[in-house]
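One structure is given here, and the rest of the page talks about it.
In this note's numbering, the protein residues as written are 1 to 221.
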């Protein structure tokens, strides 16, 4: 295991909302899993790592949306997939709130964050993996699939738009979004002013993947 917790600590220490684009199989999901365990306060999993003695390991509610596991064949199915994921998270945290009884996906997401924050009295962490999959899966497959991609984009823009609202931002501890494509190309986050894109930032160049120095240090044989 190559210890990347130094970069994780830097992100959390310097900001709240981050976006990182990297190719598939580059460690994005592993980073999401690491953040999940960190914010759940599981110190025993970080024994011997850089962050072990530098992090308070205070537990926060963690909401993970992995779009690899959310069906997106069309916008209605994507909307329902998001509702099912929200329902699963609400059940995990013992919060009663019906996300199937109507209401737009953005208003439901906003209320969900508020209710979980109220239930636990701690700021909420939101981790989003492969945000662009519902769009990319439909590109390059003809005009009809392109229409699906554009409609799915509208659903995602509405959903993610919640995270830029002042009343929601105040409830957030940390937000981390990953994908294959740069969000500036897709315009889903065009109005999300507090989202920092670190995809091309030199100080995060070694955050994912392995450098030559890391290979020599961690795998000397």
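For each residue, glycine too, the CB sits at the ideal point set by N, CA and C.
Item, Value
"Please classify residue 169: does DSSP put it in a helix, a strand, or coil?", "helix"
"Assign residue 18 to one of three DSSP states: helix, strand, or coil.", "strand"
"By the DSSP assignment, the beta strand (DSSP E) with residue 87 in it spans what residues?", "Careful: residue 87 lies outside any beta strand (DSSP E), inside the alpha helix (DSSP H) at 75-92."
"In angstroms, rounded to a whole number, what distance separates the CA positions of residue 17 and residue 110?", "16 angstroms"
"Rounded to whole angstroms, what's the CA-CA distance from residue 176 to residue 140? Just pull it up for me.", "28 angstroms"
"What separation, rounded to the nearest whole angstrom, lies between the Cα atoms of residue 295 and residue 137?", "This structure cannot settle anything about residue 295, because the visible part of the chain is limited to 1 through 221."
"Quick one: what's residue 179 bridged to in DSSP?", "21"
"What does the Cβ neighbour count give for residue 81, buried or exposed, with the cut at 16 atoms within 10 Å?", "buried"
"Assuming contact is defined by CB atoms lying nearer than 8 angstroms, are residue 60 and residue 122 in contact in what I supplied?", "yes"
"Only counting the same chain, and skipping five residues up and downstream in sequence, which positions put a Cβ closer than 7 angstroms to that of residue 95?", "115, 116 and 119"
"For residue 116, report the span of its beta strand (DSSP E) as first-last.", "Element bounds for residue 116: not the beta strand (DSSP E) but the alpha helix (DSSP H), 105-120."
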